[in-house]
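Residue numbers (the working numbering): 54 to 969.
Beta carbons are placed, not taken as given, at the ideal position from N, Cα and C, and that holds for glycine.
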C-alpha cells in the first residue's frame, strides 16, 4: 500500500509556528499542560475576536492546534477555521487546512458537507497542485461518506486525457484506498478497460500506482482486467532487458525500477499462464533473464543493491511456482534457492526456506528439492533465537510440505512432531504444523502425536479457540484422515462452544460435519465420536433431539460391537434422565494434564536406545524452549499416581517409590490464620490462579500426591465455592480448619477428618464480599507422606471481578457516565503486548468470563471492545466501565478502566491485562 502524505510547507515563516515546541520540550508534564492551556486560550480568543483574521494568521493558529493535538491533547475548536482555509488560493494555507482535516475531522462531523464542497471545487479547478491536495485528503480520511461522494468522480479524472501525471498518480492511489475501505461503492464501468492502458504510460510513477490499483481490482473482477497480462509482460520485458542507465531516474543501486518489477510480477500471479504463445514466450524470457542476472557478479557491494536484486528474484520464483508449468524454470529456481540456503546471511536463508516450502509441493521439482534435504536438516540443527528459530520452523515446513518424498527419508514422523514442539514459540503455529502433518502423512503418524496435541490444547487456554476453529476447517475437506477426525472430535467436544457463535460453525453444523465422517471410521474412532456427541448435548442443548435420534437408531443400540452398543445405550439414558446440573457435572470440561515429558520422545528413546533424543533433550533445557513449560519432578520427589491416564501420555513412575501402607500422623490447616506465617506459594500458583480470573471451574492444583478441583458460582456479592480434595495416595488427611478474612466473610462446613487413599472429599465455602479487596485468600494444606511433612499453600480463585454484575447500557448513557468518571485517580490504563494470538472470539469470551456486559455499537471502531458492570459488595457498589483496544498490526492492546474507586480501577486493570 502506498503511503499518501502531505509534505511539510516550504516557507520559513510557517516554521516559526512550531517554536511552540521549544519551551515545552524538557520541562515537566505540569509545565507543558500549563503552557498549552495558555496557548489554547490565546488561540480561542483570536478566533472569537471581533477583528477578522487574515489567511496567514488563520494558518498559523490552525497549525498550532494541529501540533498540540499531535502532542496528545484534545482539540475541540478550530475546525471551521480549517475548513475556511480550503477556500484560499494560496498553497500553504490550503495545505494546512487539508492537513488539519485529514488528522482531526472524523466521518461523522457536521462539517463533512462543507469539506466535500471544497474538495469538489478543487477537483474541478484543473489546478494540479490543488487537485493533488484534495485527492490526498480523500485518501487520508478514506471514510464511506468520502467514497459515496467521490468514487464516481475519481475514475473520470484518472483516465482523462488532459490529466497531469502527478494527478493521475494521486488519483490511482486515492481510488485504491476507497476501494479497500468501500469496494461496493466503486462502480465498475468503461473506465476499467482504459485504466489497464495506464501500464503503457510514459511516466513510471503513474505505471507504479496503476499496477497497485489493478492488482487490487482484479482479485475481485479478474475478467474485467485480464487484458493487463500482455501489457504487464511487455512492460516487465522492457524493464528487465534495460540497462541501469536507461531508466536513470528509477534505478536503485544499479537495479532498474525494482519496486515496479516486483509489483508487475505480483500482478501476473493473479492470473494463470498466458494462453498466447508469443506473450508466454516473452514472459519465460523475462524470468530466465532474472535467473541469469542472479548468477552475475554484483555491481555494487552495498546491501541495498543485493536487497533490490533479490526482491525481484524471489518474486520471479513465486511466479514460476504459481504457474507450475515450466519444468526447466522450476528446477533452475530450486537450484537457485539451494544456493541461498547455504548463504551466510540469515534473512536470505529464511526467504529461501519459505520459497522452498512452496516449491516442494510441485510435481516437477520433487527430485530437485530432494537434493537439498541435507541442507534443510542442517538448518534445523542450528540453535538460536529470532530469525534462526524461524529458519528451523521453515525447514520443518519444507519437510512436512514434501510429504510425498519425506516418507522415504530416515527421519521419522515422531521426530518431526518433537522438533515442532521443541522449536515452537507460538502455540497456534504448533497446532497448524501438527495438523498439517496429520493431513499430509496421516498413515505414518502414530497415536502419540495426536495425543500430544490434545494435551497441549487442553493445558493452554489461549490456544483452545484457535484449535477448535482450525480443526473445524480441516474437517471440511472431502477426504479427511481418521487421525484428523479423532483430533477434531476431541477438541470440538471440549471447546466447540468457543466457535459456536459463528453461524458457519453453529452447533448443528459442527455435529453434522463430525457425523458425516462417522461411517467411514474404525470402531475406536466411532466410540470417541459418541463421547463427543454426549458432550455436545451438555454444551449445546439445542442439539439434544438430533443426537438422541442418532443414539436411538438401530445401527447404534443394536451394534454388533459391544463397546459401541454400550456407549450408545448409556449415553442415551444419561441424556434422557439426568438433570442439567448432573449432566454438566458428569460432562464438565477435562482438567489440565500434569506437565510431563512428551510421550513421543519417551517412545523414541525406547525405540532407539539410551542415547536417542539427547540432542532433543538439550533443546528442551533451553529457557523458553518448552511449549508445555515446567520441569519434571526429580526422582527423589516423584510418586506413583493411581489416577487414570485417559490419553496414555504419562511417563511411568519409578518402581522404587511405592506408596506407604500405613497412615502417618497428618495435619491439614486450611485457610492459614496469618498470611505472614504461611509458607511460600506452591510452584505455578500464580499462573493457575490467573487462569481462573475469567472462568469458575477447573483444577486448581495437582501434584503426585494431591489434586484440588474447584467449581464456583457467584451472584451479586454472594458466592459459593466447592473444593474437591482428591487423595492420590493411601495416606489420610485430617483437620481442615478455615479462617475468615476481613474483606470476605467465608463460612465453611467441616470436612470428614479421614480421607482414605484414592478417595475424594468435598468442601463447600459460602462467600460474602463485604468490601472491595485486592489480596486473594490463601489455603494452606499440611500432611505427612512417608515420614516427611508436606506443606502446600495456594491462592483461592476469588477475585474482585467475581462479584461483577453485568450492566447493559445505551451508547449515550455509556459516554455520559464515562465523562463523569474523568478524574485521573478514577482511571487506570495499561498498554501491553499480546501474549496470546489476538482472536476476537477468544477475547470476547474472556471479557464475558471476566463478568462485564459487552456493549455493541458503542465504540466507533468496531474492532474495540466496550464493557460495563457493577462490583457488588455489602458496604457499597462500584460502577465499572472498560474499553479494550486491540492493535493486530502491532500485536498490542490498550486497556482503560474507569471506576469511582482508584484501588478498584487499578486492581481490575491488572487482573484483566494478564488475560491477553
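Item	Value
Please state whether DSSP places residue 823 in a helix, a strand or coil.	coil
Going by CA-CA distance only, name the one from 108, 846 and 199 that's closest to residue 736.	846
In the DSSP output, which residue or residues are listed as bridge partners for residue 880?	951
Give me, in chain order, the residues of the same chain whose beta-carbon lies closer than 8 Å to that of residue 771; leave out the 5 immediate sequence neighbours on both sides.	819, 820, 821 and 822
So residue 265 packs on residue 333, CB below 8 Å; how close in whole Å?	In fact, because the Cβ distance is near 25 Å, the residues do not count as touching under 8 Å.
One question on the structure: do residue 921 and residue 901 come within less than 8 Å of each other, judged by their Cβ atoms?	no
Less than 8 Å between the beta carbons of residue 292 and residue 321, yes or no?	no
With H, G and I counted as helix, E and B as strand and the rest as coil, what does DSSP make of residue 774?	strand
What does DSSP give as the partner residue(s) for residue 907 in the beta ladder?	920
Sort 573, 247 and 881 by Cα distance to residue 208 and report the nearest one.	247
Buried or exposed for residue 765, going by 16 or more other Cβ atoms inside 10 Å?	buried
On the DSSP letters alone, give me the boundaries of the alpha helix (DSSP H) that residue 262 sits inside.	257-271
Below 8 Å between beta carbons: does that hold for residue 917 and residue 937?	yes
Output the distance between the C-alpha atoms of residue 963 and residue 393, rounded to the nearest integer angstrom.	47 Å
With three or more beta-carbon pairs closer than 8 Å as the criterion, would you say the segment 502-511 touches the segment 525-535?	no
May I ask you to verify whether the segment 738-749 touches the segment 845-863, counting CB pairs closer than 8 Å and requiring at least 3?	yes
Using 8 Å as the threshold, is the C-beta distance between residue 221 and residue 186 below it?	no
Nearest by alpha-carbon distance to residue 491: which of 595, 479, 816 and 538 is it?	538
Under DSSP, the alpha helix (DSSP H) around residue 629 begins and ends at which residues?	615-630
Which term fits residue 130, buried or exposed, when burial requires 16 or more other beta carbons within 10 angstroms of its beta carbon?	exposed
Count the other CB atoms, across all protein chains shown, that sit within 10 Å of the CB of residue 133; report buried if there are 16 or more and exposed otherwise.	exposed
Whose C-alpha, out of 244, 618, 189 and 166, is nearest the C-alpha of residue 1027?	In the structure as shown, the chain starts at 54 and stops at 969, and residue 1027 therefore has no counterpart that could be examined.
Please classify residue 856: does DSSP put it in a helix, a strand, or coil?	helix
According to DSSP, is residue 862 helix, strand or coil?	coil
Please state whether DSSP places residue 759 in a helix, a strand or coil.	strand
Compare the C-beta of residue 526 with all C-beta atoms of chain C and state if any pair is closer than 8 Å.	Structure shown: chain C not included; a single protein chain is present.
Assign residue 884 to one of two classes, buried (16 or more other C-beta atoms within 10 Å of its C-beta) or exposed (fewer than that).	exposed
Going by DSSP, which residues form a beta bridge with residue 936?	919 and 949
Smallest Cα separation from residue 798: which of 296, 556 and 824?	824
Hey, residue 104 and residue 114 are a contact pair by Cβ (cut 8 Å); roughly how many whole angstroms apart?	That belief does not hold up - the Cβ atoms of residue 104 and residue 114 are roughly 13 Å apart, past 8 Å.
By Cβ distance below 6 Å, which residues in the same chain neighbour residue 966 in space, the five residues on each side in sequence not counted?	883, 885 and 948
With 16 other CB atoms within 10 Å as the buried threshold, where does residue 577 fall?	exposed
Out of 956, 239, 753 and 592, which one is the CA nearest neighbour of residue 634?	592
Please work out which residues of its chain come closer than 8 Å, Cβ to Cβ, to residue 627, disregarding the five sequence neighbours upstream and downstream, and give them in chain order.	587, 636 and 639
In angstroms, rounded to a whole number, what distance separates the CA positions of residue 905 and residue 893?	16 Å
What's the call for residue 572, buried or exposed, on a 16-neighbour Cβ count within 10 Å?	exposed
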